[in-house]
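Participant:
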Amino acid sequence: MSFSYRSIVMLLSVIIFASLLKLAFFAVPKDNTAPMLNAQEVRQDLYALLDQIEQHSAFYALTPDKASPQLKYMASLIVEQYQDMTPNDRFAAEITKLLNSLKDPGAQVHDFDDQSGDLPLTLRPLNDQWLALDSSNSPINNDFPFVTHIDGLPMSKWVAASQAYLPEPAKQSQEMQLPWLKKLNLLREDLGLSIKPYVLITLINDDLQTQQVTLALPSHQTQTQLASSNQEVKTQDMSVLEFINQLSQFQRSEFQDVPHQLETVNNTTVKLKISDLYAFELDRDLQQELLKGMTHPLLIIDLRDASGFSPKLLTILSRYQDADLNNTLAPNVMGFAHYRRSPELRNDYLQPLNFKPLDALEYSVPRLKSLTRNLPSVDEDKFSPWYIRTKPTVTPEGRNRLALLVSPKCRQECEWIAYRTKSWSRANLIGEKTSGDFARQYYFKLPNSGLDIRFSSSLTYDAQGKLLSGAGTEPDIWLPQNSDIQWQGLVSLVRSAKPKTQIIQTSQPTKLAQAKLN
Numbered sequence: 003m004s005f006s007y008r009s010i011v012m013l014l015s016v017i018i019f020a021s022l023l024k025l026a027f028f029a030v031p032k033d034n035t036a037p038m039l040n041a042q043e044v045r046q047d048l049y050a051l052l053d054q055i056e057q058h059s060a061f062y063a064l065t066p067d068k069a070s071p072q073l074k075y076m077a078s079l080i081v082e083q084y085q086d087m088t089p090n091d092r093f094a095a096e097i098t099k100l101l102n103s104l105k106d107p108g109a110q111v112h113d114f115d116d117q118s119g120d121l122p123l124t125l126r127p128l129n130d131q132w133l134a135l136d137s138s139n140s141p142i143n144n145d146f147p148f149v150t151h152i153d154g155l156p157m158s159k160w161v162a163a164s165q166a167y168l169p170e171p172a173k174q175s176q177e178m179q180l181p182w183l184k185k186l187n188l189l190r191e192d193l194g195l196s197i198k199p200y201v202l203i204t205l206i207n208d209d210l211q212t213q214q215v216t217l218a219l220p221s222h223q224t225q226t227q228l229a230s231s232n233q234e235v236k237t238q239d240m241s242v243l244e245f246i247n248q249l250s251q252f253q254r255s256e257f258q259d260v261p262h263q264l265e266t267v268n269n270t271t272v273k274l275k276i277s278d279l280y281a282f283e284l285d286r287d288l289q290q291e292l293l294k295g296m297t298h299p300l301l302i303i304d305l306r307d308a309s310g311f312s313p314k315l316l317t318i319l320s321r322y323q324d325a326d327l328n329n330t331l332a333p334n335v336m337g338f339a340h341y342r343r344s345p346e347l348r349n350d351y352l353q354p355l356n357f358k359p360l361d362a363l364e365y366s367v368p369r370l371k372s373l374t375r376n377l378p379s380v381d382e383d384k385f386s387p388w389y390i391r392t393k394p395t396v397t398p399e400g401r402n403r404l405a406l407l408v409s410p411k412c413r414q415e416c417e418w419i420a421y422r423t424k425s426w427s428r429a430n431l432i433g434e435k436t437s438g439d440f441a442r443q444y445y446f447k448l449p450n451s452g453l454d455i456r457f458s459s460s461l462t463y464d465a466q467g468k469l470l471s472g473a474g475t476e477p478d479i480w481l482p483q484n485s486d487i488q489w490q491g492l493v494s495l496v497r498s499a500k501p502k503t504q505i506i507q508t509s510q511p512t513k514l515a516q517a518k519l520n
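All the letters of the sequence shown, read from the start, carry residue numbers 3 to 520 under this note's numbering.
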């Protein structure tokens, strides 16, 4: 078997390239998060955190006179409480509570492993009670399906403790509470309970009879260390040929086939799930599926996990809006925004959020003053000038109806979709209140703990100058966000919902056209 000159050169090039990649892998320093922090490292990280918040947090700049002493007081409590070695996950939990005092829905702590013991069951809210389910979502005891106490404390105590880890708009969200209710040992420490390798659960039935069950806690730390060790051995033993073989089988995620298609609920209703709004803008097949769904009497779109700043989905859905022919000063204004001033930020910082400078409107000075007369006065040393976002120029059409599933995880552009469709007479929001997270985020990493901190660096207002950031949008129909939605029942809820008042009756055709994409 003979090889051509070109094939030999190509093979050698691949081997050299693979070798360079492997050398680079070993040369890059590992950014291992420290599992324990001493008192000095805790103080240094807290100092760095407060400094970054004061410089870059938009919510901090709203009320600095109130926020500054509160943050410093909470930081002093952390320093006083953790004088010895502090686990990294415990420190991350304390930082989460500190950030939540800003009432910023975009404040988050990333890059830490929670090694505390988890609750060995799944909690699911049902009216005012909590179902106790196993890993297959079946009751752990069919005769006593509800849990009333954990370790002798009522569920209300555990719920209140979990709310300390949630920003203000999400404190009443059952969906947002569930991950924190799962962190048993973390909440035990907050409630002053001892850490044990088991948990005592009190169950109850409809006849108010109770039963206590003792469950062992799973050990996640051993499994995590074992998985990490196996991965390290596998990486070290990997040969160059195996590495080349993996490269040949590698596929970029954006080119993998992901099924996005309409699903039929009944003969008049279809549903569609959209999560990544950036991907939606590039996915012509998914856009065509949406347009096809808009020809049905009722279209349900699941936006519970939607994020991204692409305006494409809102533009298409604006065909459901009411015809607004009111001759106001600026009927096309959707909202305003500004960002926290910083030397490293350019004046096009809000452009990815679809905002533009007020000067771009080319209005006269008196008209601009009238347009912005309701906006709050701000410290120009801390905030940028005002930016404006206009409504999509879309003509309303049809009489078909739209239902949107939303939750506190509906963020960024999804917040705008929820806010805009709330007032449309042919649209219904279903689910839980959104969190009000419209903003661009500022990112940084704490020096000792390695925690990735994020918070909002911009604020969003409506056309009347009312602050939207952190407010959230209430659904028309409240529905807990369980994983097993009964879609036919949801359709019944939409049909029985109280009709909304339409602004002006549209005279457009009664059926949405299956328009081709431009």
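Glycine included, each C-beta is placed from N, C-alpha and C at the ideal position.
Taking Cβ positions, are residue 418 and residue 337 nearer each other than 9 angstroms?
Facilitator: Result yes, Cβ atoms of residue 418 and residue 337 sit closer than 9 angstroms.
Participant: Between residue 431 and residue 404, what straight-line distance do the alpha-carbon atoms span, to the nearest angstrom?
Facilitator: For residue 431 and residue 404, the distance between alpha carbons rounds to 9 angstroms.
Participant: With C-beta atoms as the reference, is residue 438 less than 9 angstroms away from residue 395?
Facilitator: No, the Cβ-Cβ distance between residue 438 and residue 395 is not below 9 angstroms.
Participant: Please give me, in chain order, every unbroken run of the alpha helix (DSSP H) with length at least 4 that falls completely inside the segment 286 to 313.
Facilitator: Whole alpha helix (DSSP H) segments, 4+ residues: 286 to 295.
Participant: Is residue 76 buried or exposed, if buried means 16 or more other CB atoms sit within 10 Å of its CB?
Facilitator: Residue 76 comes out buried.
Participant: Measure the CB-CB distance between residue 282 and residue 341 and report whether it falls below 9 angstroms.
Facilitator: Against a cut-off of 9 angstroms, the Cβ pair of residue 341 and residue 282 comes out as no contact.
Participant: In chain order, what residues of the same chain have a beta carbon less than 8 angstroms from the beta carbon of residue 193, not counting five sequence neighbours either side?
Facilitator: Only 155, 159, 160 and 163 meet the Cβ criterion.
Participant: Taking all protein chains shown into account, do 16 or more other C-beta atoms lie within 10 angstroms of the C-beta of residue 112, making it buried, or fewer, making it exposed?
Facilitator: Exposed, because fewer than 16 other Cβ atoms sit within 10 Å of the Cβ of residue 112.
Participant: Report the option in 471, 456 and 454 whose CA atom is closest to the CA atom of residue 462.
Facilitator: Nearest of 471, 456 and 454 to residue 462, Cα basis: 471.
Participant: By the 10 Å Cβ neighbour count, where 16 or more other Cβ atoms means buried, how is residue 134 classified, buried or exposed?
Facilitator: Buried.
Participant: Return the chain-ordered list of same chain residues with a C-beta closer than 8 angstroms to the C-beta of residue 214, the five sequence neighbours on each side being excluded.
Facilitator: Around residue 214: 202, 203, 204 and 205.
Participant: Of all the options 11, 275, 381 and 90, which has the alpha carbon lying nearest to the alpha carbon of residue 39?
Facilitator: That would be 90, whose Cα lies nearest to the Cα of residue 39.
Participant: Residue 228 to residue 220, Cα distance in whole Å?
Facilitator: Caution applies to residue 228, whose pLDDT of 38 falls short of 50 and renders its modelled position unreliable; the model cannot decide the point.
Participant: Which ranges does the alpha helix (DSSP H) cover as unbroken runs of at least 4 residues, wholly within the segment 363 to 438, from first to last along the chain?
Facilitator: Segments of the alpha helix (DSSP H) lying fully in the segment 363 to 438: 367 to 373 and 415 to 423.
Participant: Go ahead and pull the three-state DSSP assignment for residue 10.
Facilitator: Residue state, collapsed to three classes: helix.
Participant: In the DSSP assignment, find the unbroken beta strand (DSSP E) run with residue 131 in it and report its ends.
Facilitator: Run containing residue 131: 131 to 135, per the beta strand (DSSP E) assignment.
Participant: Is the segment 315 to 326 touching the segment 347 to 355 in the sense that three or more CB pairs, one from each, lie closer than 8 angstroms?
Facilitator: These segments do not touch.
Participant: By Cβ distance below 8 angstroms, which residues in the same chain neighbour residue 499 in space, the five residues on each side in sequence not counted?
Facilitator: The answer, listed in chain order, is 430, 478 and 479.
Participant: Along the chain, where does the alpha helix (DSSP H) containing residue 213 start, and where does it finish?
Facilitator: Counting along the chain, residue 213 falls outside any alpha helix (DSSP H), though it belongs to the beta strand (DSSP E) covering 212 to 218.
Participant: Would you say residue 121 and residue 184 are within 9 angstroms of each other, going by their C-beta atoms?
Facilitator: Closer than 9 angstroms, so yes.
Participant: Go ahead and label residue 186 buried or exposed: buried means 16 or more other beta carbons lie within 10 angstroms of its beta carbon, across all protein chains shown.
Facilitator: So residue 186 ends up on the buried side.
Participant: Give me whichever residues DSSP pairs with residue 201 in a beta bridge.
Facilitator: Residue 201 is bridged to 217.
Participant: Going by Cα to Cα distance, which pick from 464, 413 and 449 is closest to residue 443?
Facilitator: Measuring from the Cα of residue 443, the nearest candidate turns out to be 413.
Participant: With distance defined between alpha-carbon atoms, name the residue in 393, 92, 107 and 364 nearest to residue 191.
Facilitator: Per the Cα distances, 92.
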